[in-house]
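Here's the structure we're looking at; comments come further down.
2 protein chains.
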Amino acid sequence: MKPPYYAVIFTSTQTSQTRGYKQAAQLMEELAQEMPGYLGIEGARNSDGNKQGITVSYWETLKDIARWKAQAEHQGAQRMGKSDWYQNYTVRICKVEREYSFEQ
Amino acid sequence: MKPPYYAVIFTSTQTSQTRGYKQAAQLMEELAQEMPGYLGIEGARNSDGNKQGITVSYWETLKDIARWKAQAEHQGAQRMGKSDWYQNYTVRICKVEREYSFEQ
């Protein structure tokens, strides 16, 4: 992708209540793809320790990010995240200024 | 941390050659902490699929990021990363404009 564009870095640690989490994460990924300005999403979660996870989604503009945050099903998932799934999380809204890649 | 500050999003998939990787990753984390402008680091790697990993390091300025990229041991690790450890990676240099957190 060609900068500038925007990234949302979502770092979290999970609780032991993971009921419904996987399905919701899958659904959110599908719904995000239908949103205007969506550029992509990447995620990883450690299987050990505090099970820290990092999800980064990429967007064309800050407005696209605000629209996704306000999306109805996503709002529901955010409520479930707070009540059940996450011990803690941090959201960072970033402007991607440069990028470069390597491939074998 | 109080924005604005900078984030380096490093996303990668590994090869099957992981010899020396863990020790190097540990050492890089220790060395980064000694660099000027270092604010923190977070990382996660999936244990399944293509073993995608995301590491995000946080810095006060772009100059701090450039200095860390040029650091001698880090340069050595970057060479090992290309020759041995990574199938592919992308580095994104970002300005963190907003952040908010949740904790149970």
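Chains as they are written, first to last, in the numbering used here: chain R, 1 to 104; chain V, 1001 to 1104. Ideal placement from N, C-alpha and C gives every residue a C-beta, glycine not left out.
As computed with DSSP, V:Lys1095 is found in a beta bridge with R:Lys95 and V:Tyr1006. Beta-bridge partners assigned by DSSP to V:Tyr1089: R:Phe102 and V:Ser1012.
The C-beta separation of R:Glu99 from V:Arg1079 comes to about 20 Å, leaving the pair out of contact by the 8 Å criterion. Burial of R:Gly53 is indicated by the presence of at least 16 other C-beta atoms within 10 angstroms of its C-beta. Excluding sequence positions up to five before and after R:Gly37, its CB lies within less than 6 Å of the CB of Trp59, Glu60, Thr61 and Asp64, all in the same chain and listed in chain order. In terms of Cβ geometry, V:Gln1087 and R:Gln104 form a close pair [threshold 8 Å]. If you check the CB distance, R:Met35 and R:Gln71 come in under 8 Å.
In the structure shown, R:Gln71 falls within a coil segment according to DSSP collapsed to helix, strand and coil. By DSSP's assignment, V:Gly1076 forms no beta bridge with any residue. Note that the C-beta distance between V:Glu1097 and R:Lys69 is not below 8 Å. If you check the CB distance, V:Gln1017 and V:Trp1085 come in under 8 Å. Look at R:Ser57 here: in three-state DSSP terms it is strand.
Of R:Tyr6, R:Ser101 and R:Ala77, the smallest CA-CA separation from R:Ile41 is found for R:Tyr6.
R:Gln33 is classed as exposed because its beta carbon has fewer than 16 other beta carbons within 10 Å across all chains shown.
The beta carbon of V:Asn1046 falls within 8 Å of a beta carbon belonging to chain R, placing the residue at that interface. Where R:Glu34 is concerned, there is no enclosing beta strand (DSSP E), because DSSP gives it neither an H nor an E.
Taking C-beta separations shorter than 7 Å and ignoring five residues to either side along the sequence, the partners of R:Pro3 in its chain run Val96, Glu97, Arg98 and Glu99, following chain order. For R:Glu29, the closest C-alpha among the options R:Thr55, R:Phe102, R:Ser101 and R:Arg67 is that of R:Thr55.
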